[in-house]
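Asks: Residue numbers for the sequence shown follow our numbering, beginning at -4 and rising by one. Beta carbons: idealized from backbone N, C-alpha and C, even for Gly. Nothing here was measured: the structure is a model prediction, and the numbers come from that model.
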Amino acid sequence: MSRFKERWPRLVAVTSVMLCTGILSAQTDFGFLNPNESDITAESAKAVASGWIETLGRSLDSECRQQFLIIEGRRVWDFSSPGMNVQVSSPAGQIVHYRDNRHLATIRKRWARTGQVYFADEGAVREKAWQVARSLGIWPDTFLSSCKLTEERINSSLPQDLNDVFGKYRVIFRPLYKGFQFSYLQPMLILNFDTQDGTLYEVEYDKEFEVESDRVVLSESQAIDRAWAVYVRECSAVGIEPRGDPSEARVKIHFAASNGFAGSPDTYKAWPIRFRLVYRVEFGPLKEVVPGIGVSDSVNVCAESGRIWGGAILRGSG
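(1) My guess is that serine 178 and alanine 251 are in contact by the Cβ rule of under 8 Å, so how many angstroms apart are they, rounded?
(2) Compute the beta-carbon to beta-carbon distance between isoleucine 308 and aspartate 292, rounded to the nearest angstrom, for a pair I have assumed lies under 8 Å.
(3) Determine, using beta carbons only, whether glycine 289 and phenylalanine 256 come nearer to each other than 8 Å.
(4) Between the beta-carbon of lysine 163 and the beta-carbon of aspartate 201, is there less than 8 Å?
(5) Grouping DSSP H, G and I as helix and E and B as strand, with all else coil, what is isoleucine 219?
(6) Write down every uninterrupted run of the alpha helix (DSSP H) in the segment 213 to 284 whose length is 4 residues or greater and which is fully enclosed by it, in chain order.
(7) Would you say glutamate 199 and isoleucine 185 are within 8 Å of each other, going by their C-beta atoms?
(8) Hey, quick one: how far does the alpha helix (DSSP H) through valine 43 stretch, first residue to last?
(9) By alpha-carbon positions, which one of Ala232, Pro30, Glu243 and His249 ends up nearest to serine 216?
(10) Beta strand (DSSP E) containing arginine 70: first to last residue?
(11) Have a look at glycine 301 and alanine 87 and give me their C-alpha separation to the nearest angstrom.
(12) Using C-beta distances below 7 Å, list every residue in its chain close to serine 259, excluding the 5 sequence neighbours before and after it, in chain order.
(13) In whole angstroms, what is the alpha-carbon distance linking isoleucine 48 and aspartate 73?
(14) Taking the beta carbon of valine 91 as the centre, do at least 16 other beta carbons fall within 10 Å, making it buried, or is it exposed?
(15) Less than 7 Å between C-beta atoms, sequence neighbours within five positions excluded: which residues of the same chain meet that for glutamate 117?
(16) Please classify glycine 52 as buried or exposed, where buried requires at least 16 other C-beta atoms within 10 Å of its C-beta.
(17) Quick one: grab the DSSP three-state call for arginine -2.
(18) Between the alpha carbons of isoleucine 167 and valine 296, how many angstroms are there, rounded?
(19) Cutting at 6 Å between CB atoms, please list the residues of its own chain near phenylalanine 25, excluding the five before and the five after it.
(20) Could you have a look at glutamine 61 and say whether DSSP puts it in helix, strand or coil?
(21) Tell me the rounded alpha-carbon separation between tyrosine 172 and glycine 68.
(22) Excluding sequence positions up to five away, which residues of its chain have a Cβ less than 6 Å from the Cβ of alanine 222?
(23) Let me confirm a value: glutamate 205 is counted as buried when at least 16 other C-beta atoms fall within 10 Å, else exposed. Which label applies?
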């Protein structure tokens, strides 16, 4: 799940705002909040936002409000108007969020929802998505990991038989680093397209990351032994019997951030997120939490140092 999922409830900066042509300083309960000296200026961020919006055949609304925010540790310049919302990373000068409010308003009001399909096939969606991804600036080694057609209810409070739906293509890109994938949470680029007219109405881009370790020193068997010892200890601490057996452990190697499991650091709390190449050692049966996605108890072991780098024990998974 993207870090933006809880974007507004976890907003740090409560800001005063001015028109895009004005100068802004953000105010919190602790005083005024300003970009770092190394961050790009509001004017530069606006140029980035305007330049990319033009690739969509639109322009940044003249009445947009400009504000500097910190969201889950990420510093951004935010440009908001009734028609759209665009955010630019102030350290990197990178588009990180886009939302076409005007288009979403037409969906919610059921204007001109005909049920027609804009894209000839999934291949056309993928081609369009690659064009958008390149316009945003993607990682040197990128792959398209998912392209799914889904339906969403326009108004979730209405009974299903009275509720119109609209279709969307959700396309996800992810990077490779030295040939290895990252954990499923991030970094990633998510694009949402309306199936009826092909409009790109939402972008979420977690591009920035930091790799602390990318070497493999431990063997797989050493990682399993280390993970099992920690897993047994942590199960005992929460009163759960260990599931499975080390001889049946499932092992993957990829980059992962640490979540504080078993005394490991919580590298999600700083930006950019810090990753290490790890052995992900899974124990016990898989539990399907959402259709097609199974999870299980797991322990991440740094492939270089053997340090525990996150993990999880599923409560009540049997």
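Replies: From the atom records:
(1) 4 Å
(2) 5 Å
(3) no
(4) no
(5) helix
(6) 215 to 232
(7) yes
(8) 37 to 50
(9) Glu243
(10) 69 to 75
(11) 32 Å
(12) Ser253, Ile303, Trp304 and Gly305
(13) 14 Å
(14) buried
(15) Cys142
(16) exposed
(17) Its pLDDT being 44, under 50, arginine -2 is placed unreliably in this model, and the value from its coordinates should be taken loosely. Three-state DSSP puts arginine -2 in a helix.
(18) 27 Å
(19) Only weak support is given to the placement of phenylalanine 25: the predicted model assigns it a pLDDT of 36, under 50, and the value that follows is read from those uncertain coordinates. Taken in chain order, the list of residues that qualify is empty.
(20) strand
(21) 23 Å
(22) Val276, Val294 and Val296
(23) exposed
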